[in-house]
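S.K.: Numbering (my numbering), first residue to last: 1 to 546. Structure provided below as structure tokens; questions to follow.
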């Protein structure tokens with residue numbers, strides 16, 4: 001088992017080194033490909049190679065101008081050895097990195113391979129003259145209107161960079177770089193004459209004790225099936241194990257007998273004390289907060305026992321002192337608010353007033369005082385609504401009837417001094433809202449806002465349905481409030497102070513919070529001498545769904 005574990009670990013480490021070699025080779029080639037891409041899209045070079053030069057001087061000037069700018073592509077990396085251009089333009093001078101694209105060049109292997117590919121190619125050039133020089137070669141045909149002459153760029157990779165990355169000292173075997181056809185393009189195996197000829201990897205004699213590592217494929221388009229293969233001797237992998245076998249056997253014996261005894265002793269101690277803690281934790285579920293006796297050991301279990309005793313004591317104290325006290329406090333606060341609501345309800349719940357008003361209205365009708373009868377009827381409707389205060393939810397239509405009755409009474413009081421307008425969406429009428437949630441703001445606007453005005457007072461009430469919300473807005477041109485007074489009002493709402501002043505507004509605000517939690521919006525804007533605007537946004541609820 002130890003042998004297999006060490007072998008697997010070594011194999012994993014070797015594969016990581018092989019991955020590193022593969023990635024570094026791809027990185028070196030990618031640098032050359034990236035440089036060729038910059039050249040591929042440089043329109044100045046296309047213009048330079050497309051130009052027909054009338055004199056050598058004109059060519060030299062053009063070369064100096066274009067290739068002075070071209071120096072930004074010149075090798076900035078140690079991995080790039082040189083850059084050459086091939087062209088069949090007869091007007092250029094074949095010097096300074098520019099070579100002729102003649103029949104001899106066209107017979108070379110790299111040129112034939114380049115014509116059969118739409119991507120840049122990576123190839124080992126001159127394989128028959130003992131060469132390990134790799135090149136990235138690319139056609140310059142990006143601009144379709146500048147293809148009168150054929151143009152090719154060739155970027156040679158520094159062979160020393162290739163040697164350094166493949167001869168990785170951490171890899172103790174041989175590395176083979178294979179092309180898409182399985183031929184060796186580069187290897188660290190010095191027994192093969194791969195630089196003078198193409199050798200197929202399948203023809204290489206692999207010893208029986210050699211392990212062939214997984215192939216690392218180069219997935220870029222320009223490699224066309226290239227891959228990296230590693231081989232390493234199994235003896236090399238287990239070399240350290242063989243040298244330490246006797247020591248390992250002795251160590252295993254010592255590490256088996258002595259730790260076993262220690263583990264038995266420690267496990268017994270831990271097991272006993274953990275069971276004791278578990279027993280008391282189960283008792284805690286039944287609200288029995290007994291502390292564990294014989295605590296005080298200095299190890300982790302002892303610290304756990306001490307902390308458990310502290311936790312048990314603290315929880316017991318919190319339950320008895322804090323939790324119960326908080327429940328009592330909350331219960332008192334709830335009863336106080338319920339008493340406040342009941343007191344408010346009782347203020348507008350006089351049955352006898354409704355009966356008296358109905359009697360007066362009938363007498364006014366009999367005497368022909370129709371206007372007085374109408375106002376008394378509106379007052380009766382308001383008092384009738386107070387008799388049904390226990391109804392928590394109403395439709396917008398029902399709320400509007402109550403608001404209209406109130407406004408008609410106010411208009412009767414003020415005459416032409418009060419003018420009001422209603423703007424109601426048709427789909428808003430059947431929406432469900434809390435009872436008397438809009439009326440208090442209508443009352444405040446008419447009494448506190450408009451009553452003190454000398455000129456005509458105007459009220460505008462709008463109820464719209466927007467994006468799943470019922471939006472109630474009331475605007476008046478009344479006296480308004482100072483910034484300080486408005487701030488104090490808003491703070492008193494947020495702090496949930498006792499009713500005190502502004503009973504109607506606070507009652508509405510607290511009921512909204514009770515019904516909708518945080519799923520509503522309530523805003524007040526007011527300016528002295530200009531008026532007040534109140535807006536309430538509630539979730540849309542239709543009848544039967546609230």
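Beta carbons: idealized from backbone N, C-alpha and C, even for Gly.
If you draw a straight line from the C-alpha of residue 90 to the C-alpha of residue 206, how long is it?
M.R.: Approximately 52 Å, taken between the alpha carbons.
S.K.: Take every Cβ of the segment 242-261, pair it with every Cβ of the segment 47-56, and state whether three or more of those distances are shorter than 8 Å.
M.R.: With a cut-off of 8 Å, the segment 47-56 and the segment 242-261 do not count as touching, because too few Cβ pairs lie within range.
S.K.: With a 10 Å radius around its C-beta and 16 neighbouring C-beta atoms as the bar for buried, classify residue 32 as buried or exposed.
M.R.: Residue 32 is buried by the Cβ-count criterion.
S.K.: Sort 444, 526, 423 and 529 by Cα distance to residue 508 and report the nearest one.
M.R.: Ranking the options by Cα distance to residue 508, first place goes to 444.
S.K.: Any contact between the segment 418-430 and the segment 460-470? By contact I mean 3 or more CB pairs, one from each, below 8 Å.
M.R.: The segment 418-430 is in contact with the segment 460-470.
S.K.: In whole angstroms, what is the alpha-carbon distance linking residue 529 and residue 395?
M.R.: Spanning the two alpha carbons is a distance of roughly 34 Å.
S.K.: Alpha carbons only, please: which of 83, 431, 409 and 411 is nearest the one belonging to residue 398?
M.R.: Per the Cα distances, 431.
S.K.: Roughly how many angstroms lie between the CA atoms of residue 80 and residue 163, to the nearest whole one?
M.R.: Spanning the two alpha carbons is a distance of roughly 14 Å.
S.K.: Below 8 Å CB to CB, which residues in the same chain sit around residue 199 once its five sequence neighbours on both sides are set aside?
M.R.: Excluding sequence neighbours, residue 199 sits near 183, 184, 192 and 193.
S.K.: Do you know whose CA, among 196, 105 and 180, lies nearest residue 548's CA?
M.R.: This structure cannot speak to residue 548, because the chain is shown only from 1 to 546.
S.K.: Identify the residues that DSSP records as bridge partners of residue 457: which are they?
M.R.: In DSSP, residue 457 forms a bridge with 418.
S.K.: Can you have a look at residue 527 and say buried or exposed, based on whether 16 or more other CB atoms are within 10 angstroms of its CB?
M.R.: It counts as exposed.
S.K.: Exposed or buried, residue 93, counting other C-beta atoms within 10 Å across all chains shown (16 or more means buried)?
M.R.: Classification for residue 93: exposed.
S.K.: In angstroms, rounded to a whole number, what distance separates the CA positions of residue 511 and residue 448?
M.R.: Going from the Cα of residue 511 to the Cα of residue 448 covers about 22 Å.
S.K.: How big is the Cα-Cα spacing for residue 343 and residue 489?
M.R.: Reliability of the predicted coordinates at residue 343 is poor, the pLDDT of 49 falling under 50, and the value obtained from them is presented with this limitation in mind. Looking at the two C-alpha atoms, the distance is approximately 21 Å.
S.K.: In angstroms, rounded to a whole number, what distance separates the CA positions of residue 433 and residue 478?
M.R.: The straight-line gap from Cα to Cα measures roughly 27 Å.
S.K.: Give the single residue among 321, 310, 275 and 297 whose Cα lies nearest to the Cα of residue 291.
M.R.: Taking only the C-alpha atoms, the option nearest residue 291 is 310.
S.K.: At which residue ranges does the segment 1-77 contain complete alpha helix (DSSP H) runs of 4 or more residues, listed in the order of the chain?
M.R.: The qualifying runs are 2-40, 43-50 and 56-70.
S.K.: Which residue comes first and which comes last in the alpha helix (DSSP H) that contains residue 302?
M.R.: Note, residue 302: alpha helix (DSSP H), 300-317.
S.K.: Whole beta strand (DSSP E) runs in the segment 482-538 with 3 or more residues, listed along the chain?
M.R.: Runs found: 521-527.
S.K.: So, are the CB atoms of residue 233 and residue 136 less than 8 Å apart?
M.R.: No, they are not a contact pair.
S.K.: Mind checking whether residue 213 and residue 6 have CB atoms under 8 Å apart?
M.R.: For residue 213 and residue 6, no; Cβs fall outside 8 Å.
S.K.: Go ahead and pull the three-state DSSP assignment for residue 139.
M.R.: Three-state result, residue 139: strand.
S.K.: In whole angstroms, what is the alpha-carbon distance linking residue 26 and residue 149?
M.R.: Taking the straight line from one Cα to the other gives about 32 Å.
S.K.: Exposed or buried, residue 475, counting other C-beta atoms within 10 Å across all chains shown (16 or more means buried)?
M.R.: By the 10 Å Cβ count, residue 475 comes out buried.
S.K.: Report the residue from 157, 446, 532 and 441 whose alpha carbon sits nearest the alpha carbon of residue 482.
M.R.: Comparing Cα positions, the closest option is 532.
S.K.: So the candidates are 471, 429, 524 and 122; which of them puts its Cα closest to the Cα of residue 592?
M.R.: With the chain covering only 1 through 546, there is no way to say anything about residue 592.
S.K.: Less than 8 Å separating the beta-carbons of residue 457 and residue 417?
M.R.: Cβ distance < 8 Å, so residue 457 and residue 417 count as in contact.
S.K.: Helix, strand or coil: which one does DSSP assign to residue 449?
M.R.: Looking at residue 449 - three-state DSSP - the assignment turns out to be helix.
S.K.: Let me check understanding here. Comparing Cα to Cα, which of 492, 187, 517 and 515 lies closest to residue 505?
M.R.: Closest by alpha carbon: 492.
S.K.: Using the rule of at least 16 other Cβ atoms within 10 Å of the residue's Cβ for burial, across every protein chain shown, is residue 517 buried or exposed?
M.R.: That one is exposed.
S.K.: Would you tell me roughly how many angstroms separate the C-alpha atoms of residue 48 and residue 20, rounded to the nearest one?
M.R.: Near 41 Å, if we compare the C-alpha coordinates of residue 20 and residue 48.
S.K.: Given this structure, state the Cα-to-Cα distance separating residue 202 from residue 18, to the nearest angstrom.
M.R.: Straight-line Cα distance between these residues: approximately 20 Å.
S.K.: Can you check which of these residues, 304, 299, 265 and 300, is closest to residue 281 by C-alpha distance?
M.R.: Taking only the C-alpha atoms, the option nearest residue 281 is 304.
S.K.: Within a Cβ cutoff of 7 Å, which residues of the same chain sit near residue 428, ignoring the five residues on either side of it in sequence?
M.R.: Closer than 7 Å at the Cβ level, and outside the excluded window around residue 428, lie 396, 463, 464, 465 and 470.
S.K.: In this structure, what does DSSP give as the bridge partners for residue 434?
M.R.: Residue 434 pairs with 393.
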